[in-house]
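Enquirer: Protein chains in written order, with full-length UniProt numbering: chain V, 1 to 431; chain E, 1 to 431.
From the three backbone atoms N, C-alpha and C, an ideal C-beta is built for every residue, glycine too.
As the structure is a prediction and not an experimental result, all values here were calculated from the model.
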């Protein structure tokens with residue numbers, strides 16, 4: 001039996017308390033699996049007096065997480081405070097500077113400072129692990145970094161924000177508009193204090209940028225993720241997509257094209273019958289595609305005390321077993337500078353446009369598409385006779401087209417003089 | 001840069017050649033990810049002269065895989081020959097005796113000899129890895145052993161024989177009987193030389209026994225798996241199940257009940273809308289349930305050159321990175337002797353019985369169920385008027401019942417004198 005692995009736990013919110021519970025409940029199981037005891041020696045949080053759902057009396061208390069990280073009786077810092085700067089960053093840097101390993105659930109911290117933290121960790125002989133930062137309880141970092149390590153990764157996709165998927169599937173199931181379901185989600189406590197982290201796609205974008213770094217051996221580049229939230233997804237488009245056999249998801253896609261790394265976190269149409277299309281409510285799903293393995297789909301809870309703590313403990317147990325891998329799967333210095341490509345990979349697009357119902361209006365729109373080199377797969381006018389007869393809603397599905405060509409055509413729509421409001425265009429991702 | 005990791009490859013069939021291709025194609029990628037070169041130094045197969053789809057000229061040749069395993073320039077034996085005794089076992093034992101690590105795709109070998117091989121490996125300071133042995137390209141051994149290591153596992157389920165799932169989904173899609181689709185599968189080359197390994201559930205049972213050992217910390221006990229193949233699944237039952245919203249799958253289930261470890265590999269009804277129910281064709285799926293994480297679903301290709309070689313290489317890369325874990329996730333000596341429980345966990349059952357159409361026949365069957373303590377959820381007679389009016393086909397769905405009670409009731413059916421042939425009973429698994 002080797003010496004215990006001693007944890008310092010910074011953050012006693014939902015995830016932190018979940019970690020305490022597993023360490024306490026499964027001490028025997030964990031020792032059997034790792035060959036050594038795993039113990040918590042000290043904890044830190046903002047408010048010592050808060051009533052928490054766990055017995056913390058055996059642990060030393062530190063008001064300052066940086067002091068926690070530096071304690072001699074802490075081998076590993078568990079950082080579950082959150083926030084991409086401030087105490088989370090300071091404590092992580094302090095732990096690394098002291099040569100200690102860090103397990104973190106903090107996607108924002110790594111999305112913003114992953115490269116410098118990885119370099120610092122490697123220089124100090126420390127390891128950073130972050131299974132809990134992406135897709136909650138799904139062991140996707142491990143699947144990608146280790147399980148598919150013999151593959152050149154072709155594409156990574158995922159629905160990685162449960163709140164957005166809840167909102168979109170609830171809109172569809174209940175036929176309710178975005179604003180109503182957003183308000184429901186807020187009242188249910190599903191939204192972050194800054195809801196834009198969820199519905200603006202930022203949280204999911206953080207996660208995608210971490211997966212992309214591992215998948216393609218590139219530096220984390222969250223600032224290069226094309227971000228579009230779900231605030232403009234209308235119930236009308238959800239219903240029209242459904243009629244055609246598609247569901248709308250906030251889908252992250254990372255892939256290497258001839259022009260470099262593409263990272264998108266945007267609403268997409270996916271086939272209703274695909275695993276991604278069938279995903280309901282707050283569940284997460286990640287799809288990994290490798291040159292040898294083909295397609296692997298991972299599905300599970302993306303948040304919550306138990307699932308997130310399970311992921312934190314997987315990292316802790318890896319460290320207790322002696323597994324030491326570079327943060328993003330290869331030495332930080334060898335990660336390539338990603339080419340800042342906007343997406344160039346062609347795809348079919350769903351386009352909905354409201355036109356003044358004048359003779360030739362449809363032809364003008366079709367001409368814009370044709371002149372941009374885009375061919376039309378389906379085109380139909382949605383109004384039933386007698387209904388809103390001063391305007392025509394037109395639904396178009398294109399054949400595969402480059403995103404830039406789509407953007408150009410939509411620009412040209414405006415110059416036709418027949419548009420009523422802005423057109424909607426949503427990518428149809430082949431999954 | 002540390003020294004190369006030198007592989008000895010025993011077996012040059014589909015999987016072996018797949019490994020050669022990855023090692024050759026991704027030498028740079030693998031070195032970047034592991035910090036050291038991974039090379040093949042020697043290979044072995046039955047027939048040296050056979051034309052193979054890879055350039056093997058740089059590798060030493062051994063006719064005898066045992067000699068390969070003992071070579072001084074081999075650090076790791078890759079055993080992809082198959083067979084639970086004979087050369088595969090001899091080579092594996094020779095490698096372990098020489099203190100060398102083994103990566104194997106051989107589920108039969110480990111299902112039969114896993115405990116003794118694990119003990120020998122640990123005594124010799126060697127490691128056995130077998131990601132490729134279960135569910136092909138899906139990194140499920142890693143997900144269970146490492147990714148969910150902080151959980152007490154509640155249940156493991158899986159569709160892990162692609163040929164069986166192909167046959168069952170093809171029967172349903174085409175409305176064809178088992179014998180016809182079995183013959184199709186044989187002609188397509190989907191079946192093992194001994195088809196009973198596939199359709200008898202043996203191959204899938206091997207896999208289940210390995211997952212169960214890891215999940216529950218028990219010795220591999222393939223001989224305790226309740227095995228029932230798909231040979232008796234009729235198109236009639238597939239169609240009737242479908243009408244009720246279920247699909248029939250050859251489903252493996254391992255769970256710990258009050259009476260010990262239960263392992264079943266049997267046809268089951270699962271909800272058509274569940275991830276398992278939706279699984280089509282040769283794809284595999286494994287469902288892992290842990291006390292903290294909840295339910296994780298993994299889906300991917302269960303066989304084939306690329307996927308299986310991907311899994312072999314994941315193990316090789318783990319070894320190159322220095323990961324060393326006990327074969328079944330904890331020291332072999334600490335694995336418990338599993339209680340040889342036949343399944344006792346209650347479930348609803350689907351029962352189809354053909355009765356002589358006499359007054360009181362239905363009541364007699366219902367009485368048998370009632371006397372066994374089984375209550376009926378649905379019961380209906382299937383014959384349409386005028387059709388086969390000398391007999392009545394009765395479909396029953398029970399409430400949750402213990403398997404032993406179901407078996408007892410079916411026994412009693414025979415004594416009623418109203419049965420025409422044997423009844424069919426299929427477990428409905430809650431997934």
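Please list, in chain order, the chain E residues whose beta carbon lies closer than 7 Å to that of residue 151(V).
Expert: 310
Enquirer: With distances taken Cα to Cα, identify the nearest neighbour of residue 201(V) among 175(V), 189(V), 233(V), 171(V).
Expert: The shortest Cα separation from residue 201(V) among 175(V), 189(V), 233(V), 171(V) belongs to 233(V).
Enquirer: Does the beta carbon of residue 295(E) sit closer than 9 Å to a beta carbon anywhere in chain V?
Expert: yes
Enquirer: Using a Cβ-Cβ cut-off of 9 Å, state whether residue 337(E) counts as contacting chain V.
Expert: It does not; no Cβ of chain V falls within 9 Å.
Enquirer: Comparing C-alpha positions only, which one of 367(V), 229(V), 223(V) sits nearest to residue 178(V)?
Expert: Nearest of 367(V), 229(V), 223(V) to residue 178(V), Cα basis: 229(V).
Enquirer: Residue 188(E): buried (16+ other C-beta within 10 angstroms of its C-beta) or exposed?
Expert: Flag for residue 188(E) reads exposed.
Enquirer: Cβ of residue 318(E) less than 9 Å from any chain V Cβ?
Expert: yes
Enquirer: With DSSP collapsed to three states, give me the class of residue 400(V).
Expert: coil
Enquirer: Keeping to the same chain, check which residues put their C-beta closer than 8 Å to that of residue 89(E); ignore five residues upstream and five downstream.
Expert: 83, 109, 113
Enquirer: Taking C-alpha atoms, which residue in 278(V), 42(V), 33(V) lies nearest to residue 6(V)?
Expert: 42(V)
Enquirer: Spatial neighbours of residue 308(E) within its chain, please: CB distance less than 7 Å, with the 5 preceding and 5 following residues excluded, ordered by chain position.
Expert: 15, 18, 105, 132, 136, 137
Enquirer: How about residue 162(V) and residue 140(V): do their beta carbons lie closer than 9 Å?
Expert: Their beta carbons are not under 9 Å apart, which means residue 162(V) does not touch residue 140(V) by this criterion.
Enquirer: What does the alpha-carbon distance come out to for the pair residue 172(E) and residue 209(E)?
Expert: 28 Å
Enquirer: For residue 175(E) and residue 235(E), what's the separation of their Cα atoms in angstroms?
Expert: Straight-line Cα distance between these residues: approximately 7 Å.
Enquirer: Answer yes or no: does any C-beta atom of chain V fall closer than 9 Å to that of residue 325(E)?
Expert: yes
Enquirer: Would residue 314(V) and residue 50(V) be called neighbours here (beta carbons separated by less than 9 Å)?
Expert: For the pair residue 314(V) and residue 50(V), the CB atoms are not nearer than the 9 Å cut-off.
Enquirer: Short of 9 Å Cβ to Cβ, which residues in the segment 32-66 of chain E face chain V?
Expert: 32, 33, 34, 35
Enquirer: Can you tell which of 92(E), 73(E), 74(E) has the C-alpha that lies nearest to the C-alpha of residue 81(E)?
Expert: 92(E)
Enquirer: Buried or exposed: which applies to residue 321(V), given that a residue is buried once 16 or more other Cβ atoms fall within 10 Å of its Cβ?
Expert: buried
Enquirer: The segment 126-147 of chain V: which residues have C-beta closer than 7 Å to a C-beta of chain E, in chain order?
Expert: 137, 138, 139, 142, 143, 146, 147
Enquirer: Taking CB distances under 9 Å as the criterion, tell me whether residue 242(V) reaches chain E.
Expert: Under the Cβ criterion of 9 Å, residue 242(V) is not counted among the residues facing chain E.
Enquirer: Residues of chain E with CB under 7 Å from residue 28(V), in chain order?
Expert: Here the premise fails: no neighbours, minimum Cβ distance about 10 Å.
Enquirer: CB residue 76(V) to CB residue 225(V), shorter than 9 Å?
Expert: no
Enquirer: Just how far apart, CA to CA, sit residue 271(E) and residue 165(E)?
Expert: 15 Å
Enquirer: Is the segment 334-344 of chain E touching the segment 370-386 of chain E, taking contact as three or more C-beta pairs under 8 Å?
Expert: no
Enquirer: Return helix, strand or coil for residue 171(E), following the three-state DSSP convention.
Expert: helix
Enquirer: Determine the DSSP secondary structure at residue 230(E), reduced to helix, strand or coil.
Expert: coil
Enquirer: In this structure, does DSSP put residue 124(E) in helix, strand or coil?
Expert: helix
Enquirer: Given that a residue counts as buried once 16 or more other Cβ atoms are within 10 Å of its Cβ, and exposed if not, what is residue 354(E)?
Expert: buried
Enquirer: Would you give the residue range spanned by the beta strand (DSSP E) that residue 288(V) belongs to?
Expert: 283-290
Enquirer: Can you have a look at residue 219(E) and say buried or exposed, based on whether 16 or more other CB atoms are within 10 angstroms of its CB?
Expert: buried
Enquirer: Residue 100(V) lies in the alpha helix (DSSP H); which residues open and close that run?
Expert: Where residue 100(V) is concerned, there is no enclosing alpha helix (DSSP H), given that its DSSP letter is neither H nor E.
Enquirer: Can you name the start and end residues of the beta strand (DSSP E) that residue 359(E) belongs to?
Expert: Segment: none, residue 359(E) is in no beta strand (DSSP E) and carries neither H nor E.
Enquirer: Closest by CA to residue 265(E), which one among 391(E), 275(E), 253(E)?
Expert: 253(E)
Enquirer: Using only CA atoms, which one of 78(V), 151(V), 67(V), 121(V) lies nearest to residue 24(E)?
Expert: Of the candidates 78(V), 151(V), 67(V), 121(V), the one whose C-alpha sits nearest the C-alpha of residue 24(E) is 151(V).
Enquirer: Which of the three DSSP states, helix, strand or coil, is assigned to residue 81(V)?
Expert: Coil at residue 81(V), not helix or strand.
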